[in-house]
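First up is the structure itself, then whatever we jot down about it.
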Amino acid sequence: MSWVIIVLAGAALAACIGILDKTIIHNYARTPSTEPLAIGITMPLVGTTLLLVFGIPESATLEAVLLALASGAFYGLGAHILIHSLYTREVSRAIPVYQTYPIFTALIAFIFLGERLGAVEWLAVLAVVGGAVLISSGPGTSRGFLPDRTFMLLMLGSLIEGTSFVLGKSAVNELPVLFAHALRMFALSSVLLVFNLRRPPLDDLISFFRTRSPALGYMAVNQFFVANASLFLLLWGLSLGPATLVTALSSLRTFFLVVFTIGLSLVWRGALGEVTTRGTVTVKLVSTALIVSGAVVIALGIG
């Protein structure tokens, strides 16, 4: 199966992750740490299950294992920044900025993996980044085109995410994808627990169980199925294609996200806390067109 199809499927599921995260944060969670704490608690169950079923490969080296763990740790730190940003920012503005990580992946992969891009491919990556910046600072934001603290944090998270992809690529060059995925889940969980294991979010989770909150259903679907499937597919794509182009194509998550959020917000107004004025929708669509055009150029230019 072509890695392009695999990455596109992972990107579509990643958009669903953002929507489910925002649904929980906007409608149920009382603290920004509630959702990442839940992820930190549940992901070791996934990692343990995979190790019990598939075992530890004899060919696994210490270096490759450490690379997989480092990839998961960086991914967890990036996810922590993103989820906390979703507590105060629209999902259709936050995630596109976070999706600028292809430019960081390209630079890191150029230095450490020896991957090279042509002029057209670099322009495509820059189109992805430009679209993300525009969608973050267009009409409907409080500071116009001046980046705010959340924007800078999201860019930091993007850099961290780009690093995670390069480390993940190095790991799956030597390890089976499912084994690397299991290791990443343990490291991701550890980082999220370190930053979010506090009394208020823990009380929030306990209250979900006491009141049988619908948030539990959203969390279960998101963490055990949607998120794991997306992370696995993107890691599988990394094992088959170059890190730079895989991550750039994964930016189509933004396209799926904007389409999904605009549709949901028009049907269920206020469900995700999205602004749906004509100006904001126009900016989101134009920005998404930039991102999609860059991703399409990359997809057509492979091989």
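Residue numbers (this note's numbering): 84 to 386. Think of the CB as a built atom: it goes at the ideal place given N, C-alpha and C, for glycine as much as any other residue. Note that the coordinates shown come from a computational prediction; the quantities given were computed from them, not determined experimentally.
What residue does the alpha helix (DSSP H) around alanine 97 start on, and which one ends it?
As a working mapping, residue 97 is identified with position 14 in the sequence shown. Residues 86 to 110.
Under three-state DSSP, which class holds glycine 155?
Reading the sequence shown from its first residue, position 72 is the one you call residue 155. Of the three classes helix, strand and coil, the one that applies to glycine 155 here is helix, per DSSP.
Skipping 5 residues on each side, what residues in its chain have a beta carbon closer than 6 Å to that of threonine 224?
For the purposes of this step, residue 224 is taken as the residue at position 141 of the sequence shown. Model confidence at threonine 224 stands at a pLDDT of 49, short of 50, so the residue's coordinates are unreliable and nothing is read from them.
Classify tryptophan 86 as buried or exposed, calling it buried when 16 or more other Cβ atoms lie within 10 Å of its own Cβ.
Against the sequence shown, residue 86 aligns to sequence position 3. Its Cβ being crowded by 16 or more others within 10 Å, tryptophan 86 is buried.
Excluding the 5 residues preceding and the 5 following arginine 281 in the sequence, name in chain order all residues of the same chain whose CB lies nearer than 7 Å to its CB.
By 1-based counting over the sequence shown, the position of residue 281 is 198. So the qualifying residues of the chain are Ser116.
Look at glycine 245 and leucine 165 and say whether their C-beta atoms are less than 8 Å apart.
On the sequence shown, position 162 is the one that residue 245 refers to. On the sequence shown, position 82 is the one that residue 165 refers to. No, these two residues do not count as a Cβ contact at 8 Å.
Apply the 10 Å Cβ neighbour rule to phenylalanine 338 and answer buried if 16 or more other Cβ atoms are within range, or exposed otherwise.
Indexing the sequence shown from 1 puts residue 338 at position 255. Result: buried.
Under 8 Å between the Cβ atoms of alanine 97 and arginine 361?
If you number the sequence shown from 1, residue 97 lands on position 14. If you number the sequence shown from 1, residue 361 lands on position 278. No, these two residues do not count as a Cβ contact at 8 Å.
Could you give the distance in angstroms between the alpha-carbon of methionine 238 and the alpha-carbon of leucine 206?
Numbered from its first residue, the sequence shown carries residue 238 at position 155. Numbered from its first residue, the sequence shown carries residue 206 at position 123. Those two C-alpha atoms are separated by around 19 Å.
Under 8 Å between the Cβ atoms of valine 393 and leucine 332?
Here the chain covers residues 84 to 386 and nothing more, so residue 393 does not appear.
On a CA-only basis, which of Leu328, Gly346, Ile345 is nearest leucine 196? Give me that one, please.
Translated into the one-based positions of the sequence shown, residue 196 becomes position 113. Ranking the options by Cα distance to leucine 196, first place goes to Leu328.
Alpha carbon to alpha carbon, how far is phenylalanine 343 from threonine 131?
Residue mapping note: residue 343 aligns to position 260 of the sequence shown, counting from 1. Residue mapping note: residue 131 aligns to position 48 of the sequence shown, counting from 1. Rounded to whole angstroms, phenylalanine 343 to threonine 131 spans 33 Å at the Cα level.
Determine, using beta-carbon pairs with one atom in the region 127 to 147 and one in the region 257 to 266, whether at least three such pairs fall under 8 Å.
Yes, since at least three Cβ pairs between the region 127 to 147 and the region 257 to 266 fall closer than 8 Å, the two stretches touch.
Relative to the C-alpha of phenylalanine 315, which candidate in Leu299, Pro283, Ala210, Met268 has its C-alpha closest?
In the sequence shown, residue 315 corresponds to position 232, counting from 1. Selected option, being the one with the closest Cα: Met268.
Locate the alpha helix (DSSP H) running through glycine 123, then write down its first and last residues.
The residue labelled residue 123 in the question sits at position 40 within the sequence shown. Unbroken alpha helix (DSSP H) run through glycine 123: 117 to 137.
Straight-line CA distance for phenylalanine 48 to alanine 254?
There is no way to answer for residue 48, as the model of the chain reaches only from 84 to 386.
Enumerate in chain order the residues of its own chain whose CB-to-CB distance from alanine 214 is below 6 Å, with the five nearest sequence positions on each side excluded.
For the purposes of this step, residue 214 is taken as the residue at position 131 of the sequence shown. Checking the sequence shown, residue 214 turns out to be glycine, not alanine. Ser370, Leu373, Ile374, listed in sequence order.
With three or more C-beta pairs closer than 8 Å as the rule, is the region 155 to 169 touching the region 293 to 308?
With the cut-off at 8 Å, the region 293 to 308 and the region 155 to 169 do not touch.
Determine the extent of the alpha helix (DSSP H) in which alanine 189 is found, giving its start and end residues.
As a working note, residue 189 is residue 106 in the sequence shown. Start and end: 184 to 195.
Where does glycine 300 fall in DSSP's three states?
Position 217 of the sequence shown, counted from the start, is the residue given in the question as residue 300. Here glycine 300 sits in helix by DSSP.
From the beta carbon of alanine 95, is the nearest beta carbon of chain C less than 8 Å away?
Here chain C cannot be found, since the structure has a single protein chain.
If you measure between the beta carbons of isoleucine 108 and tyrosine 158, is that distance less than 8 Å?
Residue mapping note: residue 108 aligns to position 25 of the sequence shown, counting from 1. Residue mapping note: residue 158 aligns to position 75 of the sequence shown, counting from 1. Result no, Cβ atoms of isoleucine 108 and tyrosine 158 do not sit closer than 8 Å.
Decide if methionine 302 is buried, meaning its Cβ has at least 16 other Cβ atoms within 10 Å, or exposed.
Residue numbering aside, residue 302 sits at position 219 when the sequence shown is read from its first letter. Methionine 302 is buried by the Cβ-count criterion.
With a CB to CB cut of under 7 Å and the five nearest residues on each side skipped, what residues in its chain are close to serine 322?
Translated into the one-based positions of the sequence shown, residue 322 becomes position 239. Result list for serine 322: Val255, Val260, in chain order.
The alpha helix (DSSP H) spanning glycine 251 covers which residue range?
As a working note, residue 251 is residue 168 in the sequence shown. Looking at the DSSP string, the run of the alpha helix (DSSP H) that includes glycine 251 is 232 to 255.
Going by beta-carbon coordinates alone, are leucine 285 and leucine 120 separated by less than 8 Å?
Against the sequence shown, residue 285 aligns to sequence position 202. Against the sequence shown, residue 120 aligns to sequence position 37. Their beta carbons are under 8 Å apart, which means leucine 285 touches leucine 120 by this criterion.
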